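Chemist: Structure provided below as structure tokens; questions to follow.
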Amino acid sequence: MCLSNIFYVDSNGQQQEVMRDVAWMEAHDNGFLFVGLLGEQKFVQGEVRTIDFMDKHSVVLGVNIARHEQVSHASF
Numbered sequence: 019m020c021l022s023n024i025f026y027v028d029s030n031g032q033q034q035e036v037m038r039d040v041a042w043m044e045a046h047d048n049g050f051l052f053v054g055l056l057g058e059q060k061f062v063q064g065e066v067r068t069i070d071f072m073d074k075h076s077v078v079l080g081v082n083i084a085r086h087e088q089v090s091h092a093s094f
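In the working numbering, the protein residues as written are 19 to 94.
Listed below in structure tokens is the structure:
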């Protein structure tokens, strides 16, 4: 099974991990909701820089991320 990992690029240009084993990504007006394989959730403000579906299975978000937070379980 190939799930994705979420990263953001910090102000120094370095990738920082936000979340591993993401099974679901949902866009919102001010960011993205990521849901992991076991149901854990994080909401992240920012914009998508790149998505790699082939090799790294990763989503990289831009530097304008103000915060990311845990969210209670949603009903999907």
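Positions of the beta carbon are idealized from the N, C-alpha and C atoms, including for glycine. The structure displayed is predicted, hence computed values, not measured ones.
#1: With distances taken Cα to Cα, identify the nearest neighbour of ILE69 among VAL40, ASN30, SER29.
#2: Can you say whether GLY66 is buried or exposed, counting buried as having 16 or more other CB atoms within 10 angstroms of its CB?
#3: In three-state DSSP terms, what is GLN32?
#4: With 16 other CB atoms within 10 Å as the buried threshold, where does GLN59 fall?
#5: By Cβ distance below 8 Å, which residues in the same chain neighbour SER93 in space, the five residues on each side in sequence not counted?
Modeler: Reading off the structure:
#1: Cα-wise, what sits closest to ILE69 is VAL40.
#2: The amino acid occupying residue 66 in the given sequence is Val; Gly does not appear at that position. A residue is called buried when at least 16 other Cβ atoms come within 10 angstroms of its Cβ; VAL66 does not meet this threshold and is exposed.
#3: Correct three-state label for GLN32: coil.
#4: Buried.
#5: Caution is warranted here: a pLDDT of 48 is assigned to SER93, below 50, making its placement in the model unreliable, and no coordinate value can be reported.
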